[in-house]
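Numbering (our numbering), first residue to last: 966 to 1273.
Here's the structure, in structure tokens; my notes come after.
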Ligand SMILES: Cc1cc2nc3c(=O)[nH]c(=O)nc-3n(C[C@H](O)[C@H](O)[C@H](O)COP(=O)(O)OP(=O)(O)OC[C@H]3O[C@@H](n4cnc5c(N)ncnc54)[C@H](O)[C@@H]3O)c2cc1C
């Protein structure tokens, strides 16, 4: 029996664990990946907005987190697959056969990039699919590329790629780009960039690696193929809640609904970080929410133990 089981070891889960440990709670963290850190592994840009610490990228920030985690006393299991979970009973079964029980659960499972789910998307991973313009632009220098999406992340990546690629085609299904004005204004005079609005990517084509994409424009024209060597998809994210569906109240966008104590509709089940924060997902928001959850759990358990 643990006091707290935390699911997910990104910024939110690690912060919750760190605080739980500091507050004297018996804490176990379950992480499905082989490594801790979550999205920090995908942050290739400098992090200048985490108060008190500037780092060149997410990996460097994670090194700081890891140093603190190593010194802390909580248990951390990576590469774990949760087979089933009963939130009300606080019981978790792992694929490996272990059965776990706790008094409180913290859900810190974050978000995953939304996929197009079109042919070629998975097959060409590492063979022309661009994960990040910051990281990959030198490898695609001199090549024609396509960016899917119309928000800040898509347009920012398109601008970076346009510094080194002869053509960058932005494909966006909406009528207008949603990105902030300063990005769109920089995009318009850029001769390398063409924007197809009201258009969708339907296929990524190639043999050994990406050679073309198929696009359908909603203006009634037939699908057409565009020769490109790289494709970057930035169409938002979705919360990782599959494990808890049917057991938890979610908001309209599918994020876990929480109180200001970070508690879900199930007593003693908390959620923190991006999985419960559609409005302003940030590292500081995630670590702050993790701390709140830990402090509330400690107060409740201390009160119960004092009265017992
Ligand atoms: C490219 C990029 C740039 C960014 N730049 C900044 C920035 O400059 N400043 C800033 O503040 N924020 C930035 N962010 C956002 C920031 O990285 C996130 O807000 C923050 O890392 C979220 O942390 P989290 O712990 O909530 O979720 P995540 O980092 O998503 O971690 C969730 C963890 O839960 C694990 N998990 C999921 N499901 C399960 C399961 N069933 N069982 C066990 N484990 C599970 C995942 O493997 C993962 O490790 C950026 C994000 C990206 C992608």
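Beta carbons are placed, not taken as given, at the ideal position from N, Cα and C, and that holds for glycine.
Please read these numbers as outputs of a predicted model, since none were measured by experiment.
Q.
For a test of your reading of the model: does the CB of residue 1197 fall under 7 Å from any non-hydrogen atom of ligand 1? Yes or no.
A. no
Q: Reducing DSSP to helix, strand and coil, say where residue 1012 ends up.
A: strand
Q: Find the nearest neighbour of residue 990 within the set 1005, 1029, 1007 and 1039, judged by alpha-carbon distance.
A: 1039
**Q.** Counterpart residues of residue 994 in DSSP-defined beta bridges
**A.** 971 and 1041
Q) Apart from the five residues on each side of it in sequence, which residues of its chain come closer than 7 Å, Cβ to Cβ, to residue 1089? A) 1169, 1171, 1174 and 1175
**Q.** Start-to-end residues for the beta strand (DSSP E) that takes in residue 1181
**A.** 1175-1182
(Q) My output table needs one value for residue 1004: the three-state DSSP class, helix, strand or coil. (A) helix
Q. Would you call residue 1122 buried or exposed, if buried means 16 or more other Cβ atoms sit within 10 Å of its Cβ?
A. buried
Q: Can you give me the start and stop residues for the beta strand (DSSP E) that residue 1051 sits inside?
A: 1047-1051
Q.
Under 8 Å, with one C-beta from each stretch per pair, do the segment 1091-1099 and the segment 1261-1272 reach the 3-pair mark?
A. no
Q: Note down the Cα distance separating residue 1107 from residue 1196, rounded to an integer number of angstroms.
A: 14 Å
Q.
So for residue 1072, helix, strand or coil by DSSP?
A. strand
Q) Count the other CB atoms within 10 Å of the CB of residue 1030; is the residue buried (16 or more) or exposed (fewer)? A) buried
Q | Three-way DSSP call (helix, strand, coil) for residue 1193 in this model | A | coil
Q.
Check this for me: beta carbons of residue 1006 and residue 1021, under 8 Å apart or not?
A. no
Q) Is it the case that the Cβ atoms of residue 1073 and residue 1192 are separated by a distance below 8 Å? A) no
Q | Start-to-end residues for the alpha helix (DSSP H) that takes in residue 1271 | A | 1248-1272
Q. Does the segment 1197-1207 touch the segment 1102-1119, meaning 3 or more C-beta pairs lie closer than 8 Å?
A. yes
Q. Roughly how many whole angstroms lie between the Cα atoms of residue 1128 and residue 1188?
A. 28 Å
Q. Is residue 1208 near ligand 1, judged by its Cβ being under 7 Å from some heavy atom?
A. yes
(Q) Starting from residue 1147, trace the alpha helix (DSSP H) in both directions and tell me its first and last residue. (A) 1146-1152
Q: Kindly list the residues whose CB is nearer than 6 Å to the CB of residue 1155, restricted to its own chain and excluding five residues on each side of it in sequence; keep chain order.
A: 1127
Q) From 1009, 1238, 1056 and 1201, pick the residue whose C-alpha is nearest to that of residue 1080; which is it? A) 1201
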